[in-house]
Amino acid sequence: GKYRVVSTKPMPGTRWINLLVDQGCRVEICHLKKTILSVEDIIDLIGNKCDGVIGQLTEDWGETLFSALSKAGGKAFSNMAVGYNNVDVEAANKYGIAVGNTPGVLTETTAELAASLSLAAARRIVEADGFMRAGLYEGWLPHLFVGNLLKGQTVGVIGAGRIGSAYARMMFVTAYGQFLKANGEQPVTWKRASSMEEVLREADLISLHPVLDKTTYHLVNKERLAMMKKEAILVNCSRGPVIDEVALVDHLRENPMFRVGLDVFEEEPFMKPGLADMKNAIVVPHIASASKWTREGMATLAALNVLGRIKGYPILSDPNRVDPFLNENSSPPN
Ligand code: GLV
Ligand code: GLV
Numbered sequence: 014g015k016y017r018v019v020s021t022k023p024m025p026g027t028r029w030i031n032l033l034v035d036q037g038c039r040v041e042i043c044h045l046k047k048t049i050l051s052v053e054d055i056i057d058l059i060g061n062k063c064d065g066v067i068g069q070l071t072e073d074w075g076e077t078l079f080s081a082l083s084k085a086g087g088k089a090f091s092n093m094a095v096g097y098n099n100v101d102v103e104a105a106n107k108y109g110i111a112v113g114n115t116p117g118v119l120t121e122t123t124a125e126l127a128a129s130l131s132l133a134a135a136r137r138i139v140e141a142d143g144f145m146r147a148g149l150y151e152g153w154l155p156h157l158f159v160g161n162l163l164k165g166q167t168v169g170v171i172g173a174g175r176i177g178s179a180y181a182r183m184m185f186v187t188a189y190g191q192f193l194k195a196n197g198e199q200p201v202t203w204k205r206a207s208s209m210e211e212v213l214r215e216a217d218l219i220s221l222h223p224v225l226d227k228t229t230y231h232l233v234n235k236e237r238l239a240m241m242k243k244e245a246i247l248v249n250c251s252r253g254p255v256i257d258e259v260a261l262v263d264h265l266r267e268n269p270m271f272r273v274g275l276d277v278f279e280e281e282p283f284m285k286p287g288l289a290d291m292k293n294a295i296v297v298p299h300i301a302s303a304s305k306w307t308r309e310g311m312a313t314l315a316a317l318n319v320l321g322r323i324k325g326y327p328i329l330s331d332p333n334r335v336d337p338f339l340n341e342n343s344s345p346p347n
């Protein structure tokens, strides 16, 4: 192949590989037997000639890597993720490297996990499952695993972008019912809250879907947790550092009826001390986008991002929605 494209991880499906190979790329996939690659590992992968890289959200794409990629002749980097808080886009741009991400294909998949965690937390599914497996079930009891009914409750979404809006649509059906008018109940209204605090105070169920940046770091802290209802449910399928996890563990300990469903953690793969012991927490390992269709779609989109840029087109999905290296008069390559 004329171009060398590196993927720091094997990715689902073969479509992404075929797309690149058909367009004259040699694809090299890292098969190192470690989950998270270091900056040094990735510098070795880049080598002396590399036109583009597909990387993962666990990797630190900053000055060092973009400088190495630029020296190797690289023009494109795509995260296989919609979130790009692991990427220093400014550093990339400084070296003439365009950055891509993979929105869209994971919207519904992620929203469905947030909805799953919401329902699982409300009905204490994981706790109840553990109870059964431990052989503790001795028969039906009126007070056994009593949880929260979501119908008629107030659902709060913080970060109402693509994913947050998809979640809201799903919960509209769950929490309010589809046949409100037929049943003669009041129609439900959507409300744009005047502040985040209003959502925290009023909602019975809150799902977090913001991007992680300086403005959303520890968005949910001790003070804001204290504003929430004692029996509220909090779900996070965005990025761990959006919640102050130490404060959350304290809050869970002090408020046994408060429940959380977490897909992401402040310092993955670790959990803050005490979190794993909290019965009122459901924890899953960052699997919100984990459906076959979505993961193959993410890999394909990441490959197209890199391929497009190598071929001189605007990057397909630029998180900033602009490609500063492409001037309007540039013509498509042959
Ligand atoms: C996953 O966390 C993503 O950002 O795609
Ligand atoms: C519970 O199983 C009931 O029948 O109410």
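Count along the sequence shown from 1, add 13, and you get the number used in UniProt numbering.
From the three backbone atoms N, C-alpha and C, an ideal C-beta is built for every residue, glycine too.
Fair warning: this is a prediction, and the values are worked out from it, not measured in the lab.
Less than 8 Å divides the Cβ of residue 140 from the Cβ of residue 292.
Inclusion of residue 164 and residue 189 in the CB contact set at 8 Å is warranted, their separation being smaller than that value. Look at the beta carbons and you see the stretch 322–332 not touching the stretch 290–309: under three pairs across the two are nearer than 8 Å. Each residue's CA atom was taken as its position, placing residue 215 and residue 157 some 27 Å apart. The residues 313, in chain order, have a CB closer than 6 Å to that of residue 28 in the same chain once the five nearest residues on each side in sequence are set aside. Under the 8 Å Cβ criterion, the stretch 302–319 counts as touching the stretch 105–122, having at least three qualifying pairs.
Beta bridge pairing from DSSP links residue 215 with no other residue.
CA-CA distance, residue 211 to residue 243, rounds to 15 Å. Residue range 175–189 is occupied by the alpha helix (DSSP H) that includes residue 182. In this structure, residue 250 keeps its C-beta atom at 8 Å or more from the C-beta atom of residue 273. Placement of the Cβ of residue 94 at a distance of less than 7 Å from at least one heavy atom of ligand 1 is found. Distance from the C-beta of residue 222 to the nearest heavy atom of ligand 1 is not below 7 Å.
Short note on residue 302: C-beta closer than 7 Å to some heavy atom of ligand 1. For residue 90, the enclosing beta strand (DSSP E) starts and ends at 89–92. Sequence-distant Cβ neighbours of residue 123 in its own chain, meaning closer than 6 Å and more than five residues away, are 176, 250, 301, 302.
Residue pairing by DSSP leaves residue 63 without any beta bridge partner. Just so you know, the alpha carbons of residue 98 and residue 178 end up roughly 21 Å apart. At a Cβ-Cβ threshold of 8 Å, residue 89 and residue 114 do not count as neighbours. Its chain contains 67, 91, 93, 115 as the residues whose beta carbon lies nearer than 6 Å to that of residue 315, once the 5 sequence neighbours on both sides are disregarded; these appear in chain order. Nearest in C-alpha terms to residue 160, of all of 245, 151, 62, is 245.
DSSP places residue 308 in the uninterrupted alpha helix (DSSP H) bounded by 305–323.
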